[in-house]
Amino acid sequence: MKKIIVIALLILIPLGTVMAQTSPDDPAITKAKEETAVVFDLGRMFGYLNTMVTDEKKLALSDGQMNDLYSIMETLLQTDRVEPDAADEMLVRIEDEILTPDQLMYTDQLAIEKMASRTPGAGGGSGGGQITNYIAGGAFNPMTDPSKTIGKDFNTFFSYLAKKLGK
């Protein structure tokens, strides 16, 4: 009987530890996901802008808009850790000062369609490893992660702007 209890404990204790470390209900993870949502929103905006310039020629960006967006993107490329407040400022600037109402409406529509197409519980595009780094105070810039869609879209749009601007 003691053998069974010892074996059960040896199995259950490590299993419980692993489950505790990866629990999606962890308050620190939940808080970090809420805090960093704006960073992921900013990253997705560049993907939406790339779709806009590809699919909607009538919503083409002016040279001034492209220069402003390029400048923001350069700043992001040089940033190891994107803080939510900085991301919010950049996103507000893009939405309120750079894009026209028609361009903003188009990108908003893409965001709505993207949210509607997500399956419940599929995650909001916030990667576990990135969130763990954020919580630990380490590097956190999803836009520079070429293994993720957000990073690929960011890079594609940045390359588009660089080419259009001759940089």
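What the sequence shown shows, in the numbering used here, is residues 142 to 308, in sequence order.
Beta carbons: idealized from backbone N, C-alpha and C, even for Gly.
Residue i: CB within 8 Å of a non-hydrogen atom of the ligand NAP
{"i": "Gly292", "result": "Ligands are entirely absent from the displayed structure, and the ligand NAP is therefore not among its contents."}
Residues that residue i bridges to, as DSSP identifies them
{"i": "Phe281", "result": "Arg222"}
Exposed unless 16 or more other CB atoms sit within 10 angstroms - verdict on residue i
{"i": "Gly188", "result": "buried"}
{"i": "Asp221", "result": "exposed"}
{"i": "Ser288", "result": "exposed"}
{"i": "Asp249", "result": "exposed"}
{"i": "Ile253", "result": "exposed"}
C-beta atoms of residue i and residue j nearer than 9 Å
{"i": "Leu185", "j": "Asp209", "result": "Reading off the sequence, residue 185 comes out as Arg, not Leu. Going by C-beta atoms, Arg185 is not nearer than 9 Å to Asp209."}
{"i": "Leu306", "j": "Met231", "result": "no"}
{"i": "Met284", "j": "Ile291", "result": "yes"}
{"i": "Gln271", "j": "Asp294", "result": "no"}
{"i": "Leu183", "j": "Val223", "result": "yes"}
Limits of the alpha helix (DSSP H) - the one that residue i falls within
{"i": "Ile291", "result": "290-306"}
{"i": "Glu254", "result": "242-258"}
> Which runs of the alpha helix (DSSP H) fall wholly inside the segment 166-211 and span at least 4 residues, in chain order?
Replying inline: 168-196
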